[in-house]
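*Asks:* Take the position in the sequence shown, starting the count at 1, then add 14; the result is the number in my numbering.
Just passing along the structure, written as structure tokens.
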Amino acid sequence: MDECFMDATHFKDDYKRVAMRLKMRITQELGFNVNIGISTNKLLAKMASDFKPKDTIHTLFKEEMPLKMWPLPVEDLFMVGRASAAKLRKFNISTIGELATTDINLLKSKLHSHGKLIYEYANGIDNSEVRESNYLEVKGIGNSTTIAYDV
Numbered sequence: 015m016d017e018c019f020m021d022a023t024h025f026k027d028d029y030k031r032v033a034m035r036l037k038m039r040i041t042q043e044l045g046f047n048v049n050i051g052i053s054t055n056k057l058l059a060k061m062a063s064d065f066k067p068k069d070t071i072h073t074l075f076k077e078e079m080p081l082k083m084w085p086l087p088v089e090d091l092f093m094v095g096r097a098s099a100a101k102l103r104k105f106n107i108s109t110i111g112e113l114a115t116t117d118i119n120l121l122k123s124k125l126h127s128h129g130k131l132i133y134e135y136a137n138g139i140d141n142s143e144v145r146e147s148n149y150l151e152v153k154g155i156g157n158s159t160t161i162a163y164d165v
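See the structure below:
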């Protein structure tokens with residue numbers, strides 16, 4: 015399993031203690047170490063879980079973004095791959111913070127809807143919800159390939 019998300023809103027200020035208990039149980043019962051990211055949305059929790067050192071509980075709240083997330087290279091942002099990072103560097107955008115403070119209209123004109131998405135992500139905006147069950151209705155099966163260059 016690569017990652018999973020849990021809505022811990024109802025734990026309020028107890029979230030860190032709950033995360034420590036969860037981490038301990040995973041290590042004891044399943045025998046592997048985990049990074050846990052805590053935040054107010056899935057994107058920031060995912061970003062926090064990727065922080066180093068590993069095998070740690072990390073937080074990334076809105077007020078922590080300028081210190082913890084914005085100095086990171088732009089390619090560390092979820093949904094920014096090598097091709098997008100190369101395009102952003104042409105506009106002198108090399109950190110997540112520089113992306114977060116770039117004019118959204120420039121990003122939309124150059125990267126279209128992807129520009130808007132990564133601008134929102136750089137600013138910690140993510141409205142995706144945590145699913146209540148692991149079941150998704152399969153509507154189709156696809157096969158895709160990632161190309162190293164823009165098509």
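The C-beta atom is built at its ideal place from N, Cα and C for all residues, glycine as well.
No experiment lies behind these values; they were computed from the predicted model shown.
Excluding sequence positions up to five away, which residues of its chain have a Cβ less than 6 Å from the Cβ of G111?
*Replies:* Answer for G111: W84, listed in chain order.
*Asks:* Could you please give me the residues that DSSP links to I50 through a beta bridge?
*Replies:* I50 pairs with I71.
*Asks:* For Y133 and F92, what's the separation of their Cα atoms in angstroms?
*Replies:* Near 11 Å, if we compare the C-alpha coordinates of F92 and Y133.
*Asks:* Under the three-state reduction of DSSP, which class applies to T160: helix, strand or coil?
*Replies:* It is coil, neither helix nor strand.
*Asks:* Taking 8 Å as the threshold (C-beta atoms), are I71 and K124 in contact?
*Replies:* Not a contact, by the Cβ cut-off of 8 Å.
*Asks:* Considering only the beta carbon of each residue, do I40 and V48 sit closer than 8 Å?
*Replies:* Yes, the pair counts as a contact, with Cβ atoms nearer than the cut-off.
*Asks:* State yes or no: is the C-beta of T109 within less than 8 Å of the C-beta of P87?
*Replies:* Against a cut-off of 8 Å, the Cβ pair of P87 and T109 comes out as a contact.
*Asks:* Can you check the segment 69-118 for any alpha helix (DSSP H) of at least 4 residues that lies completely inside it and give the ranges in chain order?
*Replies:* For the segment 69-118, whole alpha helix (DSSP H) runs of length 4 or above, ordered along the chain, are 79-82, 96-104, 110-114.
*Asks:* May I have the straight-line CA-CA distance separating A114 from L120, to the nearest angstrom?
*Replies:* For A114 and L120, the distance between alpha carbons rounds to 12 Å.
*Asks:* If you follow the alpha helix (DSSP H) that R35 is in, where does it begin and where does it stop?
*Replies:* Start and end: 29-44.
*Asks:* Which residues mark the beginning and the end of the alpha helix (DSSP H) in which S63 is found?
*Replies:* Per DSSP, S63 belongs to the alpha helix (DSSP H) from 56-63.
*Asks:* Beta carbon of A62, beta carbon of F19: below 8 Å?
*Replies:* For A62 and F19, no; Cβs fall outside 8 Å.
*Asks:* For S147, count neighbouring C-beta atoms within 10 Å of its own C-beta (all shown protein chains included) and say buried if the count is 16 or more, exposed if not.
*Replies:* Counting Cβ neighbours within 10 Å, S147 comes out exposed, since fewer than 16 surround it.
*Asks:* Does the distance from the C-beta atom of T54 to that of F25 stay below 8 Å?
*Replies:* For T54 and F25, no; Cβs fall outside 8 Å.
*Asks:* Would you mind working out which of Y163, T23, D16, A136 sits nearest A97, comparing C-alpha positions?
*Replies:* It is Y163.
*Asks:* What number of angstroms, rounded off, separates the C-alpha of D16 from the C-alpha of G45?
*Replies:* Spanning the two alpha carbons is a distance of roughly 15 Å.
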